[in-house]
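Protein sequence lines correspond, in order, to chains A and B.
Per the working numbering, residue 17 is the first one in the first sequence, and the count goes up by one each step.
Per the working numbering, residue 17 is the first one in the second sequence, and the count goes up by one each step.
C-beta: ideal position from N, C-alpha, C; glycine also.
Please read the structure below before turning to the comments.
There are 2 protein chains.
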Amino acid sequence: MPVSYILAKGAAMHMENFRFLSSTQIIFGRGSHHEVGPETGKYSRKVLLHYGGGSIKKSGLFDQVTASLQEAGVEYVELGGVAPNPRLSLVYKGIELCRKEGINFVLAVGGGSVIDSAKAIALGVPYQGDVWDFFSGKAEAQTSLPVGAIPTIAAAGSEASWSCVITNEDGWLKRSYNNNINRPVFAILNPELTFTLPPYQTACGAMDILAHVFERYFTNTPHVDLTDRLGEAVMKTVIKHTPVVLREPENYDARAEIMWAGTLAHNDLVGTGRIGDWATHILEHELSGMYDVAHGAGLAALFPAWMTYVYRHDVYRFAQFAVRVWDVEPDFRHPEEIALAGIARLRQFIRSIGLPVSLAELKIGREKFDELVAKCRMPNDDTLGKFVRLTRDDLRRILELAAE
Amino acid sequence: MPVSYILAKGAAMHMENFRFLSSTQIIFGRGSHHEVGPETGKYSRKVLLHYGGGSIKKSGLFDQVTASLQEAGVEYVELGGVAPNPRLSLVYKGIELCRKEGINFVLAVGGGSVIDSAKAIALGVPYQGDVWDFFSGKAEAQTSLPVGAIPTIAAAGSEASWSCVITNEDGWLKRSYNNNINRPVFAILNPELTFTLPPYQTACGAMDILAHVFERYFTNTPHVDLTDRLGEAVMKTVIKHTPVVLREPENYDARAEIMWAGTLAHNDLVGTGRIGDWATHILEHELSGMYDVAHGAGLAALFPAWMTYVYRHDVYRFAQFAVRVWDVEPDFRHPEEIALAGIARLRQFIRSIGLPVSLAELKIGREKFDELVAKCRMPNDDTLGKFVRLTRDDLRRILELAAE
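Okay, here's the thing in structure tokens:
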């Protein structure tokens, strides 16, 4: 297989200098969502209660959250209807609502989409211009409303992350905006809330968590032993416990391991001092923007292909991944075989948890590959990714590898 | 060997509920101490600059820190002289000085003792009563001055921890006070600042870091896979890189790994959702209070003895420790042998980095064992430790095991 990617030049000799503050108060455990009232009351007396398709009403969570708010003397205004791949139009609506109602806090109850939508609303309320400016790179946010999060799925890690991903229906552009002010002031993590999550969404969440570590794990930054091992800790936890929760959806212990792993996978602890890649995420954003597939499923189809395409760039790193994360027996004479064995085990794992390992399984054919590649944002001198700088030609080949 | 300890009753069935917020802004890397001026300026225009024996003046660090403060328009008042096992009398002096000078921020430049002394001063300034009230358990602190930290040794993890340990010369009581308001607002971690640290102190620091994980790792809380692995990540990093820095004191990469490990070992990330033990720390506090030995050296002499005494309480956990942390080959038919092999490797490691594995090596004989045991604080129904609840009789036996 010909590889046309450009090797990183002027690579760092040491761990990168970094700043790190995960400023989100974590409130973890059984029954913890009952603490939402007093916790929110520290910041606000009137909040926007933001949620998705209404499953929180059926489950009773909505009533429990609002009861806790009322008991703490916190008024709320509802805004539901957040869809997967959350949309700008609803963000605009939320901003307007907050302004009209004099709301100064956004409480997100739901999945990563709900939390991201809440973050975007919180960014927009105090901003004079169009909130899309932040996502299009036209402006940097100086302030935002505080956000609180009660995730109902272990996946995106948005509850403690600096990232926010919104889809603009005008052109179906899916864009992210990363800023430390996006971090929620608190995240209430109750593993029980994920008991009713169907197997497919549970698996998609697990894949999303793994992918957040992958993006950071595959780096050219040398001398990052500790963060390698922290990332491996998160990956091994997800790999061990995902099959358990698929078998036993109400296994608190396994749900708890995955939930805490999901938060730590994306609050940037495992990225401290290292430069991540993020090509696969950006490519997947285009994919799920065009096809509206679940983010985790798109990542499942793309990541093994990306790995297969780039592993020669650092066979030793991929061999380490195979040995430490996937328990492949080391063979120092044949590191390439070991590296490939690791990628093969990832593929087997993805299949075993019921996710697609190809785009064909997602009913995505080759006919739109050119459009997808043409549309893809290429932030670094018309290349994508930092571990390996991919050209559009490389992206096309990765899609080919992912096709079937 | 007879074991008289009381087994834990009513042990938890699941991971513990927890709250976690490591609120310290981490500023990590080469040259990062030059950021102290602007960072401090966010909080204060007049600070107490707190340090130890004056080595920071010889090294030039003092001049660089004060230059950065001056450039940022931050005035400072000096208070040096913090000794290892920092003393209450100097804390009182610092409190008085802050009040007299109208100081509202304490900047600690030095080792864990300096940072702890700074935390105690920060607690005392806004408090009407005697600051020792917090350490003696008479009062809970409601507020404190903000503290900034520039550690010059990777060890205590005080730069981002909630703990503070002070020695009261009146009775030579060494006591700790844990409260989230003790966490510094920022920690500037520059591994270069640890280049000049002598081998013995470097090794003591490594032992202290390991001990902070040990205290959390040995727990009765079940279903703590992720935090087990995070702790193992920290331990393996220290075990790998300590021999490197002893050989090459100016190896930036290895110093950096150990420094970040030191912070993460004690900001309580690796303790989330689990109940730690802490018997060995409390016993060592009495020891170093009485004998003025280095904390890390005391821990080195005591921990293998504690492990040998208690491993039967949970052979599987000690076997896991042996296999995952010390690379002992698993042997499922003989878990006890595996557990003991892990403890033996810890002992070998301690010896290999030049630390004592017995109290005799610290010139501490049996003659004061009774006094030590009698003096020891026994917080839980006259027992010490939560993994295993040790009686005074157990402590005596552990000291015997540590004696030679």
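{"Query": "Taking Lys256(A) as the query, report the chain C residues whose CB atoms sit under 7 Å from its CB, ordered along the chain.", "Result": "No chain C is part of this structure, whose protein chains are labelled A and B."}
{"Query": "Quick one: Cα of Leu285(B) to Cα of Ser368(A), how far?", "Result": "31 Å"}
{"Query": "So, is Ala83(B) buried or exposed, given that buried needs 16 or more other C-beta atoms within 10 angstroms?", "Result": "exposed"}
{"Query": "What residues of chain B sit near Met31(A), judged by a beta carbon separation below 7 Å?", "Result": "Asp269 and Ala272"}
{"Query": "Applying a beta-carbon distance threshold of less than 9 Å, which residues of chain B neighbour Gln158(A)?", "Result": "The contacting residues do not exist; Gln158(A) stays about 15 Å from chain B at best."}
{"Query": "With 9 Å as the threshold, decide whether the Cβ of Pro259(A) is near any Cβ in chain B.", "Result": "no"}
{"Query": "According to DSSP, which residues form a beta bridge with Asn396(A)?", "Result": "Thr399(A)"}
{"Query": "So with Cβ pairs under 9 Å, would you call Ile42(B) a contact of chain A?", "Result": "yes"}
{"Query": "I'd like to know whether the C-beta of Val250(A) is nearer than 9 Å to at least one C-beta of chain B.", "Result": "yes"}
{"Query": "Taking 9 Å as the CB-CB cut-off, is Thr218(A) touching chain B?", "Result": "no"}
{"Query": "If we ignore side chains and look at the alpha-carbon of each, how far apart do Glu91(A) and Ser133(B) end up?", "Result": "44 Å"}
{"Query": "Against chain B, with Cβ distances strictly below 9 Å, would Pro238(A) count as a contact?", "Result": "yes"}
{"Query": "Closest to Ile359(B) by C-alpha separation, out of Gly401(B), Leu299(B), Gln336(B) and Trp148(B), would be which residue?", "Result": "Gln336(B)"}
{"Query": "Given a threshold of 16 other Cβ atoms within 10 Å of its Cβ, counted over all protein chains shown, does Val309(A) qualify as buried or as exposed?", "Result": "buried"}
{"Query": "Any contact of the stretch 282-301 of chain A with the stretch 390-401 of chain A, i.e. 3+ C-beta pairs under 8 Å?", "Result": "yes"}
{"Query": "Under 7 Å between beta-carbons, which chain B residues line up against Ser38(A)? List them in chain order, please.", "Result": "Ser38"}
{"Query": "Would you say Tyr21(B) faces chain A, with C-beta separation under 9 Å as the test?", "Result": "Only weak support is given to the placement of Tyr21(B): the predicted model assigns it a pLDDT of 44, under 50, and the value that follows is read from those uncertain coordinates. No, its Cβ sits nowhere closer than 9 Å to a Cβ of chain A."}
{"Query": "Taking only beta-carbon positions, decide if Arg46(B) is within less than 9 Å of chain A.", "Result": "yes"}
{"Query": "What do you get for Asn194(A), buried or exposed, if any count of 16 or more other CB atoms within 10 angstroms of its CB means buried?", "Result": "exposed"}
{"Query": "By the three-class DSSP mapping on this structure, what secondary structure does Ile169(B) have?", "Result": "coil"}
{"Query": "Comparing the C-beta of Phe35(B) with each C-beta of chain A, is any distance below 9 Å?", "Result": "According to the sequence shown, residue 35(B) is Arg rather than Phe. Yes - at least one Cβ of chain A is within 9 Å of the one on Arg35(B)."}
{"Query": "Output the distance between the C-alpha atoms of Phe127(A) and Gly70(A), rounded to the nearest integer angstrom.", "Result": "Residue 127(A) is actually Gly in this sequence, not Phe. Straight-line Cα distance between these residues: approximately 12 Å."}
{"Query": "Quick one: complete alpha helix (DSSP H) runs, 4+ long, within the stretch 220-253 of chain B?", "Result": "none"}
{"Query": "Please confirm if Leu213(B) has its CB atom under 9 Å from at least one CB of chain A.", "Result": "no"}
{"Query": "Spell out whether any CB of chain A is found under 9 Å from the CB atom of Leu262(B).", "Result": "no"}
{"Query": "So which of Ala313(B), Arg361(B), Phe151(B) and Leu299(B) has the shortest CA-CA distance to Pro372(B)?", "Result": "Ala313(B)"}
{"Query": "In the structure shown, what three-state DSSP assignment does Arg191(B) receive?", "Result": "strand"}
{"Query": "Using DSSP bridges, identify the partner residues of Thr288(B).", "Result": "In the DSSP output, where bridge partners are listed per residue, Thr288(B) has none listed."}
{"Query": "Note down the Cα distance separating Ala424(B) from Val63(B), rounded to an integer number of angstroms.", "Result": "The structure shown has nothing for residue 424(B), since chain B only spans 17 to 420."}
{"Query": "Distance cutoff 9 Å, beta carbons only. Does Leu378(A) sit that close to anything in chain B?", "Result": "no"}
{"Query": "Buried or exposed, going by whether 16 or more other CB atoms sit within 10 Å of the CB of Arg191(A)?", "Result": "buried"}
{"Query": "Could you round the C-beta distance between Leu205(A) and Thr279(A) to whole angstroms and report it? I think they count as a contact, below 8 Å.", "Result": "7 Å"}
{"Query": "Quick check on Thr253(B) - is its C-beta less than 9 Å from some C-beta in chain A?", "Result": "yes"}
{"Query": "Taking 9 Å as the cut-off, decide whether the C-beta atoms of Leu411(A) and Leu246(A) are in contact.", "Result": "no"}
{"Query": "Would you please verify whether the beta carbon of Leu246(A) is less than 9 Å from any beta carbon of chain B?", "Result": "yes"}
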